[in-house]
Amino acid sequence: MRTIILSFVVGLFAYPGILQASTVIGGEITYRYVGDSTNINHQYEVSMVLYRTSRWSIAFPPTEVPLCVTSSCFPDITTIMPAHSGFTPPGQTLDDANCVITNAQKMVYRTIVTLPGVCHDFRFRSSPDVARVI
1 MRTIILSFVV GLFAYPGILQ ASTVIGGEIT YRYVGDSTNI NHQYEVSMVL YRTSRWSIAF
61 PPTEVPLCVT SSCFPDITTI MPAHSGFTPP GQTLDDANCV ITNAQKMVYR TIVTLPGVCH
121 DFRFRSSPDV ARVI
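Under the working numbering, read the sequence shown as residues 1 to 134, first letter to last.
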C-alpha cells in the first residue's frame, strides 16, 4: 500500500504538464418582484453574480447556469439562467488596483421566474460548473 501511495505522489510531482485552476471566490443570488409591471402574478427577476479569479487559469465561466427553485408547497422548478446582456466569458474584469485579489472577474446571470403560487419558504439555488482544473 505504501508503494502505491509513494508512486502516486512521485508521479504527481513528476508530471510534466501544468495544472491550473479557476475558482469562484464569491457570489450572490438576488430577486425582485416584477409581477406589477408584467401583470403576471408571482413573477420575479432572479439575478446571480459570480466573482471568480483567473489567476491560475484561462478557463472561462459558462454562458448559462442552472437555477433551481425549491419550496415545501410545490414541486421543484429547474430553469436556465443565461449570461446577462453585456456579459460574455470571461466576464467583466474588476479593478484590482487597491485590492489583494488579482485577475478577478465578475459574471452576471439573469432570468425571469414565475412561481406557482404563494409559499413561505421559496429558495433559489444554483451550482454552476465554474471551478475546474484544466
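Glycine residues also receive a C-beta, built at the ideal position from the N, C-alpha and C atoms.
Status (buried if at least 16 other CB within 10 Å, exposed otherwise) for R123: exposed
Backbone CA spacing between R32 and K106 [nearest angstrom]: 20 Å
Spatial neighbours of V34 in its chain, beta-carbon cut-off 6 Å, leaving aside the 5 residues before and after: Q43 and E45
Extent of the continuous alpha helix (DSSP H) to which G38 belongs: Sequence inspection shows Thr at residue 38; the Gly mentioned does not correspond to that position. Residues G35 to T38.
Helix, strand or coil at T79 [DSSP, three-state]: strand
Outcome for V118 when other beta-carbon atoms lying within 10 angstroms are tallied against a minimum of 16: exposed
Outcome for T78 when other beta-carbon atoms lying within 10 angstroms are tallied against a minimum of 16: exposed
Cut-off 6 Å between Cβ atoms - residues of its own chain near V108, not counting five sequence neighbours on either side: V49, H84 and F87
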